[in-house]
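Asker: Taking full-length UniProt numbering, the leading residue of the sequence shown gets 1, the next gets one more, and so forth.
Mind looking over this structure? Questions follow.
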Amino acid sequence: MKVSQISLHLVWLSLLVFQVSSSNNIPIQLNDDILGLIVFKSAVQDPHSSLASWNEDDNSPCSWKYVECDPLTGRVSQLSLDGLGLSGKIGRGLDRLNNLQVLSLSHNNLSGLIAPELALIPTLRRLNLSHNSLSGRIPEQFANMTAVRFLDLSDNSLSGPLPSQLFGSCSSLRFLSLARNQLEGPIPPTLANCTLLGGLNLSHNHLSGDPDFRNLIWPLTRLRVLDLSRNELSGTVPLGLAGLHNIKELMLQGNQLSGPLPEDIGLCPHLTRLDLSGNLFNGGLPESLQKLKSLEFVSLWDNKLGGDLPLWIGNLSSLQYLNLANNEFTGILPSSFGELKSLNHLSLSFNRMTGEIPGSMVYCDRLSEISMRGNSFNGTIPQGLFDLGLERVDLSSNGFSGLIPPGSAKLFESLNSMDLSNNRLTGVIPPEMALCFKLSYLNLSWNNLTSQLPPELGYFRNLSVLDLRDNAIYGSIPEDLCDSRSLSVLQLDDNSLTGPIPQEIGNCSALYLLSLSHNSLSGSIPVALSMLEKLKILNLEFNSLSGEIPQQMGRLDNLLAVNISYNRLIGRLPTGGVFQTLDRSALQGNLGLCSPLLTTPCKMNVPKPLVLNPDASNRGNGGNMVTKPESHVNSRHRRFLSLSAIIAISAAALIVIGVVVVTLLNVSARKRMAFIDNALESMCSSSSRSGCPPSGKLVIFNPSSEFRYEDWVVSPELVLNKATEIGRGVFGTVYKASIGGGKIVAIKKLITSNIIQYHDDFDREIPILGKAKHPNLLTLRGYYWTPQLQLLISDYAPNGSLHARLHNRSPSTPPLSWANRFKIALGTAKGLAHLHQSFRPPIIHYNIKPSNILLDENNHPKISDFGLARLLPKLDKHVFSSRFQTALGYVAPELACQSLRINEKCDIYGFGVMILELVTGRRPVEYGDDDVIVLSDHVRVQLEQGNVLDCVDPSMSEYPEEEVLPILKLGLVCTSQIPSSRPSMPEVVQILQVIKTPVPERIEAF
């Protein structure tokens, strides 16, 4: 309705009120209610015609739907329009309802500012505007609503500080909720005036500062519910909780509160729910906590609490939920846990606990969820634990050994998720597991299970994820694995599986990730794979698959990432789909795939030709030109050679000629090398300059017109004298030099201390690095060696290092765009994946950081210094931790821990820090006046508080949030403190490709 029409209605209604009141002696105030409600209705949109009964011709609104009147006065006393889908703004009109006591407009789509005129309703006791889209500030006029007992403005977009006047006259207020808005600033001290307040919820805002709990919160002695969670509050929580004698729920999670937990917390006898998670609390559990016999819910996860778990924890007899994850608790699990008869959920993940699971845990017969991930528990898994009705079990990343318990009928009926990965479990996969008909997630990876894949796996009717990587599972893949058709993730990598991929794999209609790498699978890739329309990631590398790739797979539109490297595949790649954009690393190591990215010859699977008889006559055999068996061939035909014999002889001759040519070239090369070595030696002997390196050896990998030996026959030190120093690193100094023809190269002069001194060792290691060819690796062209001087020759990257572009950028250099940053992240991941995948043992960088990521003229990343750790005489963890002090913030924590195995996960940690740095533009560790900011911790906190996009580098003017947010999450996953929790680099590449690909449904990687 237009404004002019509204005005006409107001005039008409005013006349109507006058006429009706004059003729019928009806009080004018009664028709004020009609006028106010009609004006309110005219300002909102009612898509479901919920207010159709509101008729302006009626004498009274008391019969209207959603309207209630006081039977004594006939005035409107209650208006409840919750969940009607109303939109628009709360305009004027409601302020005419002078006897209104309850106004509830929650769960609608109302927008705009809160009308301050609502404060003019003197009788209003209950106001609920929650779950709308209201914005702006809370009107200061609300301080005049002295009769209000219930005020709920939660789940809107209100902003600005809390007005101190709001609590100036709040002596009647019983409940206040401003949760899930955008309010900021401190909590006003006037809040202490609300002495009758029983429920206070200010959660999920941006409130900050150090609240004065002693004088602000503790005096509110009638509080039953206090929720200040998910804000930015800091400081300590002092003693004084004893004053909150009636408190039942205390929720302070998701802030920056620190110090020990208040010792008098046990003096709140009615407390049932305690959530202090996501803060910085330290110390142990206060002893008074054991007095809380009514406590049902305790969440203290993600703090810095430590010490041993006390034996008295069994006294919390009503406890149903206990979450102590992500802390620093040590020691064993007390046997008193068995006394928690009501316990339903237990999480102790990511602490430092040891020992065995006590047998008394079997008495927690209501337990449904248990998580002990990332500790150092050992021993066997108690059989009785699997006799409970568990729904979720996570005992991963510990030291459990022995067999997997077979379970019981109670477990079969309840189990939904089980993760026993990264332990030392042995034996077989219990066939009884197939009876867990609700099981949707099963992860037994990284153990020592030695059995065949049980055929009973096909009985899982709801199984969505099956991960059995890194075991010793042998035999073939069961044909009925996908009978349930619910499997979406199948990972069987790094086992000893043999035989073909069954054609029945086509029954896995829900499959989006299939990874069978590092097995001994043979046969061809089944055509049935082309039936998997939801397939997004396919990994078949390092097997013995042969034949051609089915052309039908080119029609898989959802396929985003494929790796078929190191098999025996031949022929053309499928046309269409992802196969036209595959990286070389995804194809290499096959017999004869046809791709311009590969240097191996292309082989086609064509039928063998028929051998023709050159003497055959149409007249002699009826026109049949095919050679007959020897017994039927005339003896005079035998003096002619068949076509196949001619081809064989020709091929043999070519082979002989080739061998002769190669031999001559080798002799020539040896003579040439001898000449160069003699020239270098004679130069050093005739030189008057001291310190000339004796018996120098120069090796150029794949000499070409750009890199010739003749350019180096002069003294290498003379080349360095003319070069320009461009950087210093852990292993030496880097120079920019020009060699013959104006070719610019980078020369790294290695620090000889702590580097292997024997030429044979050096000569064995460096050529391995020279074979590392990848678009995202800095190509190593050659080396020069003497005991006193070692040089590495590589390509030159004209755009410098990523570190310089992020942190030392000159004002004239534009900042990196998001497109370039993403390209750098993906390229670096591909380069690292190549180092980890294509070499056995894998090449581990150990020192991934932006200063070792160089940029070419198109800002393509080139990883430098890879594999140089192999030059150390001993790969000692303490050598690394001391040697890589310049990589502070990038070094994986396990490099300083003797008990952990060092593997590729070290590089993944450094990569995670690097991409966080790439997105935020901040250094991994920053030092303030009073504190130290660790980038990964900062981003993690901001993510939990919903402010992670505030971390993005402000120098980027534009960036897509749908790409930035998952990459920040990926960085946090890669920097997990537990190595096994980090993904592999091939998985990182796949995740990045999924993030970049504009598809409607992306794979959730975190």
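Positions of the beta carbon are idealized from the N, C-alpha and C atoms, including for glycine.
Does the segment 174-184 come within contact of the segment 145-164, defined as at least 3 CB pairs closer than 8 Å?
Answerer: Yes, the segment 174-184 is in contact with the segment 145-164.
Asker: Please look up how many angstroms separate the CB atoms of Phe-911 and Cys-974, rounded, as I've assumed it's under 8 Å.
Answerer: About 6 Å separates the two Cβ atoms, so the contact holds.
Asker: For His-518, which three-state DSSP category applies?
Answerer: His-518 falls in the coil class under three-state DSSP.
Asker: Let's test the definition: count the other Cβ atoms within 10 Å of the Cβ of Gln-182 and tell me whether it reaches 16, buried, or not, exposed.
Answerer: Result: exposed.
Asker: I need the straight-line Cα distance from His-845 to Leu-935, nearest angstrom please.
Answerer: Spanning the two alpha carbons is a distance of roughly 22 Å.
Asker: Comparing alpha-carbon positions, which option in Asn-539, Met-956 and Asn-315 lies nearest Lys-291?
Answerer: The residue with the shortest Cα to Cα distance from Lys-291 is Asn-315.
Asker: For Leu-100, tell me which candidate among Glu-68, Ile-726, Leu-241 and Gln-580 has the shortest Cα-Cα distance.
Answerer: Residue Glu-68 is the option with its Cα nearest to Leu-100.
Asker: Under a three-way DSSP split, which group does Asp-467 fall into?
Answerer: Note: Asp-467 maps to strand in three-state DSSP.
Asker: Could you name the residues of the same chain whose beta carbon sits closer than 7 Å to that of Glu-1001, not counting the 5 residues immediately before and after it, in chain order?
Answerer: Since pLDDT at Glu-1001 reaches only 39, below the 50 mark, its modelled position is unreliable, and no value is offered.
Asker: Can you tell me the Cα-Cα spacing of Glu-533 and Val-562, whole angstroms?
Answerer: So the alpha carbons of these two residues sit roughly 14 Å apart.
Asker: Indicate whether Ser-277 and Ser-299 have their beta-carbon atoms separated by less than 7 Å.
Answerer: Result yes, Cβ atoms of Ser-277 and Ser-299 sit closer than 7 Å.
Asker: Take Leu-992 and list the residues in its own chain whose beta-carbon comes closer than 7 Å to its own, dropping the five residues that flank it on each side.
Answerer: Same-chain partners within the cutoff: Ala-825, Leu-826 and Ala-829.
Asker: In terms of residue numbering, what span does the alpha helix (DSSP H) encompassing Ala-819 cover?
Answerer: Note, Ala-819: alpha helix (DSSP H), 818-837.
Asker: In chain order, what residues of the same chain have a beta carbon less than 8 Å from the beta carbon of Arg-689, not counting five sequence neighbours either side?
Answerer: Confidence at Arg-689 is low in this model, with a pLDDT of 35, below 50, so the placement of that residue is unreliable and no value is reported for it.
Asker: What residue range is occupied by the uninterrupted beta strand (DSSP E) comprising Gln-182?
Answerer: First-last of the beta strand (DSSP E) with Gln-182: 182-185.
Asker: How would you label Val-428, buried or exposed, when you count the other beta carbons within 10 angstroms and need 16 or more for buried?
Answerer: Val-428 comes out exposed.
Asker: Could you check which residue in Asp-365, Glu-541, Ile-332 and Ser-53 has the C-alpha nearest to that of Leu-569?
Answerer: Looking at the Cα atoms, Glu-541 is the closest of the given residues.
Asker: Any contact of the segment 551-567 with the segment 815-822, i.e. 3+ C-beta pairs under 8 Å?
Answerer: Counting Cβ pairs under 8 Å, fewer than three are found: no touch.
Asker: When we look at the beta-carbon of Ala-409 and count the other beta-carbons within 10 Å, is it buried (16 or more) or exposed?
Answerer: Its Cβ having fewer than 16 others within 10 Å, Ala-409 is exposed.
Asker: Is it the case that the CB of Asp-212 approaches a heavy atom of the ligand MN more closely than 6 Å?
Answerer: Among the ligands in the structure shown, none appear at all, so the ligand MN cannot be discussed.
Asker: What is the residue span of the alpha helix (DSSP H) that Thr-724 lies within?
Answerer: Note, Thr-724: premise wrong, no alpha helix (DSSP H); beta strand (DSSP E) at 724-728.
Asker: Going by C-alpha to C-alpha distance, which of Cys-170, Ser-258, Trp-312 and Glu-56 sits closest to Asn-279?
Answerer: Answer by Cα proximity: Ser-258.
Asker: Spatial neighbours of Gly-88 within its chain, please: C-beta separation below 6 Å, excluding the five flanking residues on both sides.
Answerer: Closer than 6 Å at the Cβ level, and outside the excluded window around Gly-88, lie Ala-43, Val-44 and Gln-45.
Asker: Are Pro-243 and Thr-272 touching if we call contact CB-CB under 7 Å?
Answerer: Looking at the sequence provided, one finds Gly at residue 243 rather than Pro. No, these two residues do not count as a Cβ contact at 7 Å.
Asker: Pro-966: buried (16+ other C-beta within 10 angstroms of its C-beta) or exposed?
Answerer: Pro-966 comes out buried.
Asker: Going residue by residue through the segment 913-941, where are the continuous beta strand (DSSP E) segments of at least 3 residues, counting only ones entirely within it?
Answerer: Fully enclosed beta strand (DSSP E) runs of 3 or longer: 925-927 and 932-934.
Asker: From Pro-574 to Asp-953, what distance separates their C-alpha atoms?
Answerer: Near 41 Å, if we compare the C-alpha coordinates of Asp-953 and Pro-574.
Asker: Use the C-beta contact count for Met-145: other C-beta atoms within 10 angstroms, 16 or more gives buried, fewer gives exposed.
Answerer: It is buried - the Cβ of Met-145 has at least 16 other Cβ atoms within 10 Å.
Asker: How far does the alpha helix (DSSP H) with Gly-971 in it reach, from first residue to last?
Answerer: Residues 961-974.
Asker: To the nearest angstrom, report how far apart Phe-640 and Thr-599 are at their CA atoms.
Answerer: Its pLDDT being 40, under 50, Phe-640 is placed unreliably by the model, and the measurement read from it follows with that caveat. Looking at the two C-alpha atoms, the distance is approximately 39 Å.
Asker: Cutting at 8 Å between CB atoms, please list the residues of its own chain near Glu-339, excluding the five before and the five after it.
Answerer: These residues qualify, in order along the chain: Gly-314, Asn-315, Ser-317, Ser-360 and Tyr-363.
Asker: Could you compute how far the alpha carbon of Gly-402 sits from the alpha carbon of Leu-529?
Answerer: Cα to Cα, Gly-402 sits roughly 37 Å from Leu-529.
Asker: From Leu-200 to Pro-188, what distance separates their C-alpha atoms?
Answerer: So the alpha carbons of these two residues sit roughly 14 Å apart.
Asker: Just to confirm the assignment, what range does the beta strand (DSSP E) spanning Ser-738 have?
Answerer: Start and end: 732-739.
Asker: Enumerate in chain order the residues of its own chain whose CB-to-CB distance from Cys-436 is below 6 Å, with the five nearest sequence positions on each side excluded.
Answerer: These residues qualify, in order along the chain: Phe-412 and Leu-415.
Asker: According to the neighbour-count rule (16 or more other Cβ atoms, all chains shown, within 10 Å of its Cβ), is Met-604 buried or exposed?
Answerer: By the 10 Å Cβ count, Met-604 comes out exposed.
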